[in-house]
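Structure first, then comments.
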Amino acid sequence: MSEIALYTRPQSLEDVSMHYCPGCGHGIVHKLIAELMDEMDLRDKTVAVAPVGCSVIAYEYWDVDCTEAAHGRAPAVATGIKRFRPDAFVLVYQGDGDLASIGIAETIYAANRGENFTTIFINNTIYGMTGGQMAPTTLPGQVTTTSPTGRDVATMGYPIRMCEIYDTLEAPSFIARTMLDSPGGIRKTKTLIRKAFEAQVAGQGFSVVEILSPCPTYMRMDPIQAMKHIKDKVSEYFPVKIFRDRTAE
Numbered sequence: 002m003s004e005i006a007l008y009t010r011p012q013s014l015e016d017v018s019m020h021y022c023p024g025c026g027h028g029i030v031h032k033l034i035a036e037l038m039d040e041m042d043l044r045d046k047t048v049a050v051a052p053v054g055c056s057v058i059a060y061e062y063w064d065v066d067c068t069e070a071a072h073g074r075a076p077a078v079a080t081g082i083k084r085f086r087p088d089a090f091v092l093v094y095q096g097d098g099d100l101a102s103i104g105i106a107e108t109i110y111a112a113n114r115g116e117n118f119t120t121i122f123i124n125n126t127i128y129g130m131t132g133g134q135m136a137p138t139t140l141p142g143q144v145t146t147t148s149p150t151g152r153d154v155a156t157m158g159y160p161i162r163m164c165e166i167y168d169t170l171e172a173p174s175f176i177a178r179t180m181l182d183s184p185g186g187i188r189k190t191k192t193l194i195r196k197a198f199e200a201q202v203a204g205q206g207f208s209v210v211e212i213l214s215p216c217p218t219y220m221r222m223d224p225i226q227a228m229k230h231i232k233d234k235v236s237e238y239f240p241v242k243i244f245r246d247r248t249a250e
């Protein structure tokens, strides 16, 4: 009789119920990160930083050292931790409303300095925790609580493409965008997160993975429709690709 592979909960993931809405991508990414912490033996070395947003209580789900940061300030906090503890594996976990709005200066300057930590950037094109307002990444025409007739680029500007901005800087070692649109997309996302982790472990400097993620609640869709929306609409404006990979150099 052939052996059957059993699915098990990662040791780095706490055995608790998550607060995320049904179909939210945060839980999926939390699991992928926990799996990689186990596989790469990072659990006892990790310090995670989560600022204000849906993921602010990530410390309840990962069995690693975690700290909160003020809204948008996670890269600044991570810089201090990594410089004081260069042996630690430092993980920053941010949403688009946090990273690309109030935290845009912190993330750009940390990337420009080549700080040796990893940023996981969840882009669901909306402010989730605070009520579904327009975010820096909200698509043109997208309806939100603060753009009830849709985002008008003439008065509200265009969505900000963060990976393209990172790619103008010299220092970052790994920059990639992926999406949670399917089981295949989830597997690809794990592969890219692993490469970003490897860049930090190798001391190559700032690494970031942007993940296009469903938010069924504020996309006003069911989970299946939200995943299809990620593939058909969101990835059209935010192309999925590896922008830079120095891990093989």
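The opening position of the sequence shown corresponds to residue 2 in the numbering used here, with each subsequent residue numbered one higher.
In this text, a Cβ means the ideal position worked out from N, Cα and C, and glycines have one as well.
Contact between the segment 206–222 and the segment 16–34 is present: 3 or more CB-CB pairs across the two stretches fall below 8 Å. For Ile127, there is no enclosing alpha helix (DSSP H), as DSSP gives it neither H nor E.
Checking the DSSP bridge columns, you'll see Lys242 partnered with Arg178. If you look at Tyr167, you'll find it isn't in any beta strand (DSSP E); it sits in the alpha helix (DSSP H) that goes Met163 to Tyr167. Rounded to the nearest whole angstrom, the CA to CA distance from Pro137 to Val65 is 30 Å. Distance from the CA atom of Lys229 to the CA atom of Asp182, rounded to whole angstroms, is 6 Å. The Cβ-Cβ distance between Asn124 and Glu211 falls below 8 Å. Within the segment 64–146, complete alpha helix (DSSP H) segments of at least 4 residues are found at 75–85 and 105–114, given in chain order. Pairing Val50 with Ala79 gives a Cβ-Cβ distance under 8 Å. Using a C-beta cut-off of 8 Å, the segment 147–156 makes no contact with the segment 226–244, since fewer than three inter-stretch Cβ pairs fall below that distance.
Beta-bridge partners of Glu211 (DSSP): Phe122 and Arg178. The beta carbon of Ser174 lies closer than 6 Å to those of Ala200, Gln205, Gly206, Ser208 and Arg247 in the same chain, with the five residues before and after it left out. When DSSP states are grouped into helix, strand and coil, Leu14 belongs to the strand group. Counted as a single uninterrupted DSSP element, the alpha helix (DSSP H) harbouring Thr190 occupies residues Pro184 to Val202. Counting every other CB atom within 10 Å of its CB across the protein chains shown gives Met130 a total below 16, marking it as exposed. Check the Cα spacing between Val202 and each of Val144, Gly132 and Thr119: the tightest is with Thr119. By the Cβ neighbour-count rule, Thr145 is buried, with 16 or more other Cβ atoms within 10 Å of its own. Around the CB of Ser56, 16 or more other CB atoms lie within 10 Å, so the residue is classed as buried. The beta carbon of Ser236 sits closer than 8 Å to those of Met180, Asp182 and Leu213, all from its chain and outside the five residues before and after it, given in chain order. Contact check for Glu107 against Ala77 passes: the beta carbons are separated by less than 8 Å. Pro52 places its beta carbon 8 Å or farther from that of Ala35.
Secondary structure note for Thr47: its beta strand (DSSP E) is the uninterrupted segment Thr47 to Ala51.
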